[in-house]
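Novice: Dumping the structure here so I can ask a few things about it.
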């Protein structure tokens with residue numbers, strides 16, 4: 131969301147799937163939207179899958195340029211160029227965009243997130259690009275990047291290895307934000323993702339260091355999908371809201387009994403095998419039965435001729451101790467969606483949100499004072515209709531508005547009272563100001579469905595689909 135043509139009205143870009151170009155929508159004075167005349171990404175790069183997009187002004191010429199993150203989870207052998215991120219410059223300040231072919235380093239990796247800040251305080255804007263899963267190799271993470279803008283060449287340079295080696299492969303990043311945690315005026319970075327902790331990177335005068343252990347989040351491992359920031363308890367510092375898988379599913383985890391994944395080519399057939407495990411009677415056992423496991427790795431059927439044999443075996447008996455030691459091993463210690471309260475002494479305290487926020491994955495979070503009482507409220511939405519094998523889809527979420535009390539607590543508001551109802555496969559939500567300067571739209575991006583919108587007018591939410 132940004133004003134791309136300098137008319138004082140906010141416009142928005144919606145990314146497209148592979149084969150479907152993204153679309154830039156321009157707001158008109160009457161508060162409606164129309165497709166902008168300039169759509170070069172649809173003409174040049176429709177083969178790419180748009181995973182995120184970011185308006186910003188790296189060259190400080192007074193207009194906003196557009197960065198689009200490319201990604202995807204399939205096989206990209208022979209078409210790696212479809213993974214290259216793209217940068218489009220606003221050529222006339224009125225929303226006419228043109229692609230800059232040499233603005234970025236070669237990035238034939240699958241991305242998920244783009245976030246902007248002047249991390250080195252040199253007066254221009256730089257980027258963090260969060261990597262997704264390695265295509266065809268889930269849950270192995272792909273590259274992430276710290277891109278430093280060079281004012282002389284007007285290009286972005288990969289500074290990750292030099293300035294933030296811990297960010298080369300921090301995990302399968304789903305969301306991130308720049309923030310201020312330690313009061314030194316250098317922007318710090320917090321990232322979240324699947325099978326990874328809430329990760330805090332402190333900025334030490336232009337170099338980023340993983341400080342998750344110091345802030346108490348290194349063991350807060352989840353399937354994190356989203357993060358937002360606000361001062362939840364009104365004490366003058368920044369707190370966070372983090373969206374997780376929720377508790378309405380067959381997988382469970384806590385700090386004493388983590389949920390696990392092991393990944394390797396266990397059957398030596400050239401593909402990555404993913405084995406989910408849980409603790410049962412003091413040892414790790416696979417979550418999938420003999421039938422499903424042997425379809426993935428046929429040697430299991432020979433090694434365990436009966437279902438009883440398989441049922442009595444632990445994952446070490448099935449796969450072998452040495453193979454497990456050599457495999458990628460990741461854990462989840464909580465599936466709760468919750469808040470991280472900054473207690474002011476360098477610690478972030480995790481508090482789960484009410485049960486109503488735990489019924490589905492949370493893919494989008496908006497923090498806004500909807501009822502104008504001086505305290506930020508929450509809007510969340512999500513679901514996941516594309517669950518892994520043998521797992522029903524996560525479709526119980528209908529979106530949720532929660533009223534903030536200014537003390538760190540949130541009270542759920544019924545949909546019939548808020549008017550916010552999103553029972554779809556929601557991947558992202560955003561907030562845009564309308565032309566009258568008072569009302570807003572909540573934009574709801576639905577996978578394999580239309581873009582939905584809800585109008586916020588004063589203290590009332592109502593649908594404007």
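Residue numbers (the working numbering): 131 to 595.
The C-beta atom is built at its ideal place from N, Cα and C for all residues, glycine as well.
(1) Terminal residues of the continuous beta strand (DSSP E) containing residue 275?
(2) Going by other Cβ atoms of all chains shown within 10 Å of its Cβ, with 16 needed for buried, is residue 544 buried or exposed?
(3) Using 8 Å as the threshold, is the C-beta distance between residue 490 and residue 566 below it?
(4) Smallest Cα separation from residue 597: which of 336, 550, 160 and 184?
(5) Hey, how far is the Cα of residue 383 from the Cα of residue 324?
(6) Is it right to say residue 493 is buried, meaning 16 or more other beta carbons lie within 10 angstroms of its own, or is it exposed?
(7) Helix, strand or coil, according to DSSP, for residue 325 in the structure here?
(8) Output the residue ranges of the alpha helix (DSSP H) runs that lie fully inside the region 385-449 and measure 4 residues or longer, sorted by chain position.
(9) Less than 7 Å between C-beta atoms, sequence neighbours within five positions excluded: which residues of the same chain meet that for residue 486?
(10) Please report how far the alpha carbon of residue 237 lies from the alpha carbon of residue 262, in whole angstroms.
(11) Check whether the Cβ atoms of residue 257 and residue 246 sit closer than 8 Å, and answer yes or no.
(12) How many angstroms separate the CA atom of residue 241 from the CA atom of residue 557?
(13) Taking the alpha-carbon positions, what's the residue 585 to residue 552 distance?
(14) For residue 338, list the residues DSSP reports as bridge partners.
(15) Quick one: what does DSSP say residue 452 is sitting in, helix, strand or coil?
(16) Report the residue from 537, 511, 303 and 451 whose alpha carbon sits nearest the alpha carbon of residue 525.
(17) Tell me residue 524's beta-bridge partners as DSSP assigns them.
(18) In angstroms with no decimal places, state the Cα-to-Cα distance between residue 354 and residue 326.
(19) Pick helix, strand or coil for residue 247, following the three-state DSSP scheme.
(20) Taking its Cβ as the centre, do 16 or more other Cβ atoms sit within 10 Å of residue 122, making it buried, or is it exposed?
(21) Taking 8 Å as the limit between beta carbons, can you name the residues of its chain near residue 164, skipping five residues before and five after?
(22) Could you check how far apart the C-beta atoms of residue 202 and residue 265 are, in whole angstroms? I think they sit under 8 Å.
(23) Check whether the Cβ atoms of residue 559 and residue 496 lie closer than 8 Å to each other.
(24) Can you list, in chain order, the residues of its chain whose CB lies under 7 Å from that of residue 137, leaving out five sequence neighbours each side?
Specialist: Quick look at the numbers:
(1) 275-280
(2) exposed
(3) Cβ atoms of residue 490 and residue 566: not closer than 8 Å.
(4) The first residue shown for the chain is 131 and the last is 595, placing residue 597 beyond what the model contains.
(5) Looking at the backbone, the Cα of residue 383 and that of residue 324 are separated by about 14 Å.
(6) With 16 or more other Cβ atoms inside 10 Å of its own Cβ, residue 493 counts as buried.
(7) strand
(8) The qualifying runs are 420-426, 429-433, 437-441 and 445-449.
(9) 530 and 542
(10) Residue 237 and residue 262: Cα-Cα distance of roughly 13 Å.
(11) In contact: residue 257 and residue 246 (Cβ atoms closer than 8 Å).
(12) 15 Å
(13) 13 Å
(14) According to DSSP, residue 338 bridges with 333.
(15) helix
(16) 511
(17) 514
(18) 8 Å
(19) strand
(20) Look at the range of the chain in this structure, 131 to 595, and you will see that residue 122 is not part of it.
(21) Answer for residue 164: 155, 156 and 158, listed in chain order.
(22) 6 Å
(23) yes
(24) none
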